[in-house]
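Residue numbers 0 to 457, in numbering that gives the first Met the number 0, belong to the letters of the sequence shown in order.
We put the beta carbon where it would ideally sit given N, CA and C, even for glycine.
Input: a single structure, listed below in structure tokens.
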Amino acid sequence: MTMTSKPGLLSRLFSRGNKAPVVASLAAAVLNQPLMVQPAIGEALVGGYLEGKVTSADSVLKADRFEVAGESGEAVGVAQTMIGVINLSGAMVNRPMPGASGPGPVSYAAVRDTFDELLEDDAVTSIILRLDTPGGMASGCFDLVDHIYQARGRKPVYALVDDHAYSAGFALATACDEIWVSRTGGVGSVGVVCYHYDWSGNNAQIGLKVTPLFAGDRKIDFNPNFPLSEEAQAAAMADLEGMRTLFVDAVARNLGMDSAAVLATQAGCYRGQAAVDVGFATRLGTWHDLVAHLGAGGAPASLDAGDPESDDEPDSSATQPKAAGPAVAPAPSADGGPAAAAAIAAAATASELPPALVVAVLKRPLQPGESAEAAIEYAGAVQDACAAVLRGDVSLAASFIETNTDLDTVRAQLLSMKAEEGRSTQVVTAHPAPKADQRAAEIKAQLDPTNIYKKRGN
């Protein structure tokens, strides 16, 4: 894969100062290993490790404890309003990787230790996981996600996306009771990526020949000195698909969403209100908003984490609440029920609809007696109608589908919009006069000997 990131981009994404580079062994942690990172930032991360640009200060883990003021503005009892904050910034790895340059990136092991410390501290009544991370290694991530998820109910745990929580960072956020995101904050990227660098062309240019001596047909798979074989690529893709399934299922469980709805996002990233709309965040809010919420005695708007198959009302006395983020999957109806919703979700995911329209189908209310095939056919008809009348993205078609607008109304509104567009468009029929003759005259004048001598003062 061609590295498209530049040192300047890497510096903007990761730099916290001019420290010593991380030990070179960290490159092995990101090459040929499944990564849960936002792709563009992932390339910058890989490039940073290879070029020695990433520093020991590029990832930061810091835990703070402080009191918040009550509604009256006065500090109240420590046992009631002490907040524990885990500030997590930068990319993440499985275990600590210290070296001569410093402690290295944040590790999941260190995050777990810090989380447990705050969880066991009786003086801390709420925990905030403050995230600004593009993600990190897949290895070790799901163990930490499960650990935080299983701690639900012991004390409120909030994820504050300030300013990004992509991929592995988003996985950690979903394990919390609530996810708060600013209007410009980004979440999502539920996918897995792997990078293989082929240096064989460069080796040939410099006259270097590498002769592998190995036993076992797969022993040199992913070796950077040789092109990636079709068998090795197929094995890597199978591994990535399995890893993505773990990721999707974890997010669906944590957020109370249907797995098909999470899968339908196709590793897309969502910012601000769009994150709330798709079900990847609980509400909009900044650091100050969350602190004010806790100072006013606010608590997570959580649901019971009991039997996910049960249709009973949640028990408010449960000790392990589920996150209350809005689900993308359609709510069951008396006619279709969960089985119909699941059938539509599966059909939408398997269809050729764009991801935005797949999500719209999942958010559309179930229609009595409607089959999954009919739902997909309706979405396709809306898409075709919009494409035939107006050019642009699929957002308009998605809005029609989400609100279940019937086709006749869709066509009528599109024609009305087209007519309005025509009235506001000015047709320009006059063309600028060609300036070729004028330009030729200027050049001829410049080459005239009389003009040349005049300019010289002769």
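Query, Result
"Excluding the 5 residues preceding and the 5 following D220 in the sequence, name in chain order all residues of the same chain whose CB lies nearer than 6 Å to its CB.", "A231"
"Classify V360 as buried or exposed, calling it buried when 16 or more other Cβ atoms lie within 10 Å of its own Cβ.", "buried"
"Among residues of its own chain, excluding the 5 on either side of F169, which ones have a beta-carbon nearer than 8 Å to its beta-carbon?", "G134, V186, G187, S188, V189, V250 and F279"
"For the alpha helix (DSSP H) that contains I147, what are its first and last residues?", "C140 to Q149"
"Quick one: what does DSSP say M416 is sitting in, helix, strand or coil?", "helix"
"Taking the alpha helix (DSSP H) that T124 belongs to, which residues open and close that run?", "No alpha helix (DSSP H) contains T124, which is instead part of the beta strand (DSSP E) from V123 to T132."
"Buried or exposed for P460, going by 16 or more other Cβ atoms inside 10 Å?", "Lying outside 0 to 457, the shown extent of the chain, residue 460 is not represented and no answer is given."
"Quickly, what does DSSP pair N222 with across the bridge? List them, please.", "The partner list for N222 (beta bridge, DSSP) is empty, contrary to what the question assumes."
"Are three or more beta carbon pairs between the stretch 126-141 and the stretch 171-182 nearer than 8 Å?", "yes"
"Return the bridge partner residues of D534 from the DSSP annotation.", "What is shown of the chain runs 0 to 457, which leaves residue 534 out entirely."
"Here's the rule I'm using: 16 or more other beta-carbon atoms within 10 Å means buried, otherwise exposed. How should F114 be labelled?", "buried"
"How is the beta strand (DSSP E) around L159 delimited, first residue to last?", "V156 to Y165"
"At what residue ranges does the stretch 181-231 contain a whole run of the beta strand (DSSP E), taking only runs of 3 or more?", "185-187"
"Note down, in chain order, each residue of its chain lying with its Cβ closer than 7 Å to the Cβ of N253, except the 5 sequence neighbours on either side.", "Y148, T173, A174 and A322"
"Please name the residue, chosen from V192, D63 and G255, that lies closest to L87 on a Cα-to-Cα basis.", "D63"
"Cα separation between A411 and D405?", "10 Å"
"State the CB to CB distance for the pair N224 and N202, rounded to an integer number of angstroms; the pair is presumed to be in contact (CB under 8 Å).", "6 Å"
"Per the DSSP calculation, S106 is bridged to which residue(s)?", "V92"
"Kindly indicate which three-state DSSP category G135 falls into: helix, strand or coil?", "strand"
"Check each candidate in S258, V156 and E119 and name the one with the smallest Cα separation from A341.", "S258"
"Is L352 closer than 8 Å to C385 when the C-beta atoms are compared?", "no"
"Considering only residues of the same chain and omitting the five flanking positions on each side of A396, which have a CB-CB separation below 7 Å?", "L356, V381, Q382 and C385"
"What do you get for H163, buried or exposed, if any count of 16 or more other CB atoms within 10 angstroms of its CB means buried?", "buried"
"Once DSSP output is grouped into helix, strand and coil, what is the label at M35?", "strand"
"Pop quiz: I85 and V123 are said to be a contact at Cβ under 8 Å. What is the actual Cβ separation, rounded to whole angstroms?", "About 11 Å separates the two Cβ atoms, so there is no contact after all."
"Measuring only the C-alpha atoms, how far is D145 from W198?", "38 Å"
"Can you round the beta-carbon distance between V67 and G294 to whole angstroms, since I take them to be within the 8 Å contact cut?", "4 Å"
"When the Cα atoms are used, what is the spatial distance from E372 to I343?", "8 Å"
"Exposed or buried, what is T402 when buried is set at 16 or more other beta-carbons lying within 10 Å of its beta-carbon?", "exposed"
"May I have the straight-line CA-CA distance separating V191 from G184, to the nearest angstrom?", "21 Å"
"Taking the CB atoms as reference points, tell me whether Y157 and W179 lie closer together than 8 Å.", "yes"
"Nearest-angstrom Cα distance between G206 and Y194?", "25 Å"
"Keeping to the same chain, check which residues put their C-beta closer than 7 Å to that of D120; ignore five residues upstream and five downstream.", "G83"
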